[in-house]
């Protein structure tokens with residue numbers, strides 16, 4: 001094979017892209033990965049990794065603040081928090097470089113542009129142009145943010161999430177616009193840092209994709225921690241104030257209102273990004289949601305695949321990883337039409353949320369007769385030892401068969417615990433199977449077992465009247 | 474039914490006992506639970522709950538000590554830690570009382586003694602004697618510690634774990650005797666508190682029941698934190714020193730040695746306890762391991778059952794809970810011969826360990842051809858964000874079928890993560906099934922998926938040569 005000819009070209013080095021490239025190389029394909037900036041994509045450089053790193057440090061700060069057993073005067077060195085964040089990013093990037101190279105993937109820095117359905121031109125950082133070609137191409141170019149009209153990010157007072165992750169000092173007040181996963185995460189981070197936080201959400205509730213009931217409890221928790229939560233509120237404009245800070249123009253049910261804050265962080269929606277790719281040249285055309293794909297993530301042009309954020313919502317790294325594996329398996333003729341597994345969603349605030357599958361309302365709309373199993377962490381021993389008992393586990397199951405339709409968890413470790421729900425749904429483990437599984441005592445996990453028992457009024461560490469569902473979602 | 478006549482009498486209010494009683498009452502049996510001291514048993518009053526509560530606080534202390542971003546002078550108020558521990562115990566006891574009563578279980582305080590195979594005399598704290606009888610009786614009287622010769626606990630310098638949980642101040646040096654689960658937990662607690670700790674273990678390695686390799690790594694972690702670990706070392710005697718502290722006489726491979734420490738904590742083995750029960754009167758006889766039982770935890774006397782620590786090793790609350798449910802289901806004629814589910818083991822030190830099923834060595838001894846899947850937390854993004862990447866997941870599977878035989882996890886959240894292994898083994902999910910399950914990104918859980926991939930050399934976030942097992946256990 002000629003030097004510039006490959007079995008597979010992967011465009012984009014985020015989780016979807018690097019997973020595709022690593023798996024392809026493991027399976028013996030000559031593979032090149034083209035990345036125009038940093039390996040690791042949004043997740044590693046601008047998303048999960050930096051936010052969770054900062055959140056982790058602020059959880060220690062909150063633990064110290066709330067501790068009855070630590071006395072003294074503690075000062076937060078915010079620069080050190082940001083330094084650690086940067087070190088973790090750089091370490092993770094080095095790790096991704098290592099696994100790519102260790103698996104035999106060639107890494108090419110530069111911007112890729114289609115010159116045909118099997119070929120690309122790569123403009124390197126030095127300004128050179130290289131032509132590469134391959135039998136298969138995977139597009140993993142990620143997503144970009146989509147600010148609405150009236151909002152111009154200046155990264156001084158009006159911040160993108162990138163700007164928020166690059167702050168040099170702790171502001172006194174912060175408005176977080178959008179109360180989805182990332183909005184709630186930033187609200188938790190700044191609240192832990194002792195900042196006055198207001199959350200602005202246009203929907204009627206925060207975390208609008210989560211179970212209504214978890215969302216309501218989450219709002220109460222934020223409010224109890226003095227985070228101000230405004231729902232059914234639109235941000236019309238954000239303008240730098242005279243001197244310092246920013247004036248927000250809000251539209252609420254009661255009319256317009258102006259609010260001044262130190263910084264505003266826009267955690268807005270994303271759309272797939274194919275910047276500079278010249279999709280036409282490859283014979284690809286866009287719908288309003290981006291590139292369409294069929295089995296194995298193949299686009300309408302045979303041999304060209306799309307994975308990860310570039311393939312549209314949900315914008316989740318584990319979905320990207322699963323799609324990357326599916327695309328390569330399709331290329332290899334393995335499991336060509338297998339559906340992706342069920343995809344969980346995680347909120348890494350304080351507390352966490354993990355969810356997978358349907359809510360009871362969604363299940364009923366689809367015609368299921370539903371049973372609910374609810375277990376509250378007030379009855380969980382591990383929660384007691386941590387002094388964090390505000391969470392719960394909901395299992396939505398089909399009344400007759402006991403098939404698990406959805407699992408919704410709020411509380412410490414919820415992003416880990418949800419994997420139990422994923423395992424159950426993905427592998428068809430019904431309520432009876434979960435009841436027969438011995439999960440270890442003093443863990444949050446055992447509440448998953450208790451929630452299964454609660455489906456039929458049999459929970460041990462919780463008094464309940466019956467297995468009927470009392471709460472609507 | 475007469476006032477003192479019941480469908481079921483449960484003797485002992487620990488996890489095995491209260492679970493039995495609650496389940497029986499839920500199923501309509503007139504049930505009384507007799508407890509001579511505190512509801513909740515060893516786990517709640519003297520075991521998991523207090524140790525995890527204290528450990529949790531000391532983890533915050535260690536996080537502050539190791540934090541690069543918190544500056545200042547922090548003092549530990551140890552009394553507050555112990556107060557919180559006591560509050561959590563009392564809150565949990567109240568919770569157990571609540572679920573027992575809420576489910577309609579009658580609680581009787583006092584010491585029970587068999588007067589026949591269906592009847593007991595209960596001596597109440599006031600000195601009254603009441604006769605009660607029932608068609609079925611469950612013995613859930615727990616276990617007691619078994620100090621060897623030469624060791625007399627004075628709870629001043631020579632402490633039981635009870636004494637260690639009741640300390641009024643932080644000692645300067647502590648020797649922990651026994652490096653099983655509880656030994657390692659106490660070592661972690663005191664190490665986090667800044668105490669100089671020496672761990673004394675008679676076996677050739679610490680955590681002798683855990684996978685050899687995890688045990689080796691754990692020892693290194695303890696040593697790195699300046700915990701002194703002595704293996705193949707027997708404690709021959711512990712004698713109060715003149716003035717203060719205690720002199721330990723140790724027998725090592727090199728002979729005898731004396732060591733002086735502030736306090737010594739004996740975390741020794743347990744044996745079933747049937748104190749004061751007069752088992753003979755009920756027609757029960759003891760073997761050297763305690764009461765024998767058959768399907769559904771029934772003893773050799775029909776209608777008398779034994780569950781929890783009273784039924785022997787392993788001394789684990791979740792095993793007691795599972796046995797309690799099994800006994801009641803046997804009484805009700807439900808699932809009368811069903812085996813218990815697989816039982817995980819948890820070490821709540823810092824880091825944690827969770828394990829279930831066989832090690833590779835054990836599996837090979839049983840004639841399995843084994844494949845190993847190993848994933849190291851250095852490749853896990855969540856570990857990076859926490860700065861805690863010393864852990865790993867090992868999956869032991871059958872080479873041909875992919876059946877999961879054992880899972881061994883060390884690291885943050887390992888006691889939660891092991892539930893994924895339990896789910897897999899209990900429900901026959903093989904390596905291929907785990908590979909197709911999408912576990913969420915930025916969690917430790919996804920390393921379970923990666924370890925499954927690693928079984929066939931397909932891990933994404935880790936370079937590996939092949940799927941062959943390189944490490945023996």
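Protein chains in written order, with the working numbering: chain A, 1 to 473; chain B, 474 to 946.
Beta carbons are placed, not taken as given, at the ideal position from N, Cα and C, and that holds for glycine.
One thing to note: residue 912(B) has its Cβ within 8 Å of the Cβ of residue 422(A).
Residue 367(A) and residue 395(A) have their C-alpha atoms some 17 Å from each other. Residues of chain A with a Cβ closer than 7 Å to the Cβ of residue 571(B) are, in chain order, 463.
At the C-beta level, residue 763(B) and residue 745(B) come within 8 Å of one another. Remark: three or more beta-carbon pairs, one from each stretch, lie closer than 8 Å, so the segment 44 to 60 of chain A and the segment 88 to 101 of chain A are flagged as touching.
Taking 8 Å as the cut-off, the beta carbon of residue 246(A) is found no closer than this to the beta carbon of residue 228(A). With respect to the C-alpha of residue 629(B), the residue from 821(B), 642(B), 784(B), 623(B) having the closest C-alpha is 642(B). Under the three-state reduction of DSSP output, residue 318(A) falls in the helix class.
Distance from the CA atom of residue 751(B) to the CA atom of residue 585(B), rounded to whole angstroms, is 9 Å.
Exposed is the label assigned to residue 144(A), since fewer than 16 other Cβ atoms lie within 10 Å of its Cβ.
Per DSSP, the continuous alpha helix (DSSP H) segment holding residue 523(B) begins and ends at 521 to 539. Residue 859(B) has its alpha-carbon roughly 18 Å from the corresponding atom of residue 698(B).
Under the Cβ distance rule, residue 427(A) counts among the residues neighbouring chain B, one pair being separated by less than 8 Å.
DSSP places residue 252(A) within a strand segment (E or B) once states are collapsed to three.
In this structure the segment 301 to 321 of chain A touches the segment 133 to 152 of chain A; the number of beta carbon pairs closer than 8 Å is three or more. Annotation for residue 488(B): the continuous alpha helix (DSSP H) segment containing it runs 488 to 499. In its chain, beyond the 5 residues on either side, 328, 332 have a beta carbon closer than 8 Å to the beta carbon of residue 27(A).
The three-state reading of DSSP puts residue 778(B) in strand, counting E and B together. Per DSSP, the beta bridge partners of residue 112(A) are 122(A).
With respect to the C-alpha of residue 808(B), the residue from 619(B), 796(B), 575(B) having the closest C-alpha is 796(B). At least one beta carbon of chain A lies nearer than 8 Å to the beta carbon of residue 859(B). The beta carbon of residue 789(B) falls within 8 Å of a beta carbon belonging to chain A, placing the residue at that interface. If you look at residue 375(A), you'll find it in the beta strand (DSSP E) that goes 370 to 376. DSSP, reduced to helix, strand and coil, places residue 768(B) within a helical segment of the structure shown. Contacts with chain B at 8 Å (Cβ-Cβ) do not include residue 254(A). In the pairwise beta carbon analysis, the segment 826 to 841 of chain B is classified as touching the segment 874 to 886 of chain B: at least three pairs are separated by under 8 Å. In the structure shown, residue 408(A) adopts extended strand secondary structure according to DSSP, grouped into three states. Note on residue 715(B): under 16 other CB atoms within 10 angstroms of its CB, so exposed under the neighbour-count rule. Membership of residue 819(B) in the beta strand (DSSP E) is indicated by the continuous run 818 to 820. For residue 147(A), no beta strand (DSSP E) run applies, since DSSP gives it neither H nor E.
Here residue 898(B) has 815, 829, 830, 877, 878, 879, 880 as same chain residues with Cβ atoms under 8 Å from its own Cβ, once five neighbours each way along the sequence are excluded.
For residue 68(A), the nearest CB of chain B lies under 8 Å from its own CB, placing it at the interface with that chain. Counting only unbroken stretches of 4 or more residues, the alpha helix (DSSP H) elements lying wholly within the segment 884 to 946 of chain B are 887 to 899, 904 to 908, 919 to 927, in sequence order. For residue 565(B), at least one C-beta of chain A is nearer than 8 Å to its own C-beta. In terms of beta-carbon proximity, residue 441(A) lines the interface with chain B, with at least one pair separated by less than 8 Å. Of all C-beta pairs linking the segment 96 to 110 of chain A to the segment 30 to 38 of chain A, three or more are shorter than 8 Å, placing the two stretches in contact.
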